[in-house]
Amino acid sequence: DQQVKQNSPSLSVQEGRISILNCDYTNSMFDYFLWYKKYPAEGPTFLISISSIKDKNEDGRFTVFLNKSAKHLSLHIVPSQPGDSAVYFCAALGGATNKLIFGTGTLLAVQP
Amino acid sequence: EPEVTQTPSHQVTQMGQEVILRCVPISNHLYFYWYRQILGQKVEFLVSFYNNEISEKSEIFDDQFSVERPDGSNFTLKIRSTKLEDSAMYFCASSEILGGDEQYFGPGTRLTVT
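Chains as they are written, first to last, in the working numbering: chain A, 1 to 112; chain B, 1001 to 1114.
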């Protein structure tokens, strides 16, 4: 079941630069998308979300972009900080279901 | 800031034994969930719970699994007869409303079945 895909297992970025994490999905019934950050030995922490009726949502250093026609979303972090180093999961909700469908995650390393 | 808590943080059990994983969701949340992550794999949905009954479950959530809200604060996941393949991180989550709302996760319980 590959309904939500994160094709980059890892990403390395310099401190102060932009981090762009990508996510693709296949199910057009998804109507809400979320990004979670996860540190080792901790649970996923909610970061930011976007409804399918929008194409952008911004919260401080974090912006999520949604391209419905391409079934693609991205998370931009700017400026990146060493404390942002973690695994980032894209997740989707949709239809009559309340279960989150997660991607495989991208490990972000922000180099000082 | 309110948070979801889980106990124990690590549980080791022998195959065939019963385990109960405990969670205290955020107090004003109405929807409760269990997810699991097998090492190296995705976070997978197990079950959601609302108004004292299961609202949705995955194919993973077979007859060996059950959930309960025994009182006003706890939410438990029971595995009746554990198998080796049940070894995973189990995450509890809660949300205020259904769908379109953020689900807040606990720190997880690492279950090791030997």
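Virtual Cβ for every residue (Gly too), placed ideally from N, Cα, C.
- Only residues of its own chain outside the window of five on either side were considered, and among them L75, Y88, T106 have a CB closer than 6 angstroms to the CB of L21/A, listed in chain order.
- When 8 angstroms is used as the limit between beta carbons, F1091/B is near these residues of chain A: G43, P44, in chain order.
- Cβ contact annotation for T1007/B (same chain, cutoff 6 angstroms, sequence separation greater than five): R1022, in chain order.
- Residues of chain B whose Cβ lies closer than 9 angstroms to the Cβ of F89/A are, in chain order, K1042, V1043.
- The DSSP-derived three-state label of L100/A is coil.
- Fully enclosed beta strand (DSSP E) runs of no fewer than 3 residues occupy 1019-1024, 1031-1037, 1043-1050, 1053-1057, 1065-1068, 1075-1079 of the region 1016-1086 of chain B, in order along the chain.
- For the pair P79/A and G16/A, the CB atoms are nearer than the 7 angstroms cut-off.
- Under the Cβ distance rule, N98/A counts among the residues neighbouring chain B, one pair being separated by less than 7 angstroms.
- In this structure, the alpha-carbon of T1082/B lies about 43 angstroms from that of N57/A.
- For the set R1110/B, E1056/B, S1094/B, L1111/B, the Cα lying nearest the Cα of Y1104/B is the one of S1094/B.
- If you check the CB distance, K54/A and D24/A do not come in under 7 angstroms.
- Shown here, G95/A sits in coil according to DSSP, grouped into three states, outside any helix or strand.
- The way I'd put it, the region 1003-1017 of chain B doesn't touch the region 90-109 of chain A; fewer than three beta-carbon pairs between them come closer than 8 angstroms.
- In the three-state DSSP reduction, D55/A falls in the coil class, being neither helix nor strand.
- Here V1004/B is not bridged, per DSSP, to any residue.
- Among the residues of the region 1063-1081 of chain B, none has a Cβ less than 7 angstroms away from any Cβ of chain A.
- Exposure of D1062/B is indicated by the presence of fewer than 16 other C-beta atoms within 10 angstroms of its C-beta.
- Contact annotation, S52/A with K38/A: C-beta distance approximately 24 angstroms; criterion of less than 8 angstroms not satisfied.
- Counted as a single uninterrupted DSSP element, the beta strand (DSSP E) harbouring R1110/B occupies residues 1109-1113.
- The C-alpha of F62/A is placed about 16 angstroms away from the C-alpha of E1102/B.
- Within the region 1102-1114 of chain B, the residues whose Cβ lies closer than 7 angstroms to some Cβ of chain A are E1102, Q1103, Y1104, F1105, G1106, P1107, G1108, listed in chain order.
- From the beta-carbon of L34/A, the residues of chain B found nearer than 7 angstroms are E1102.
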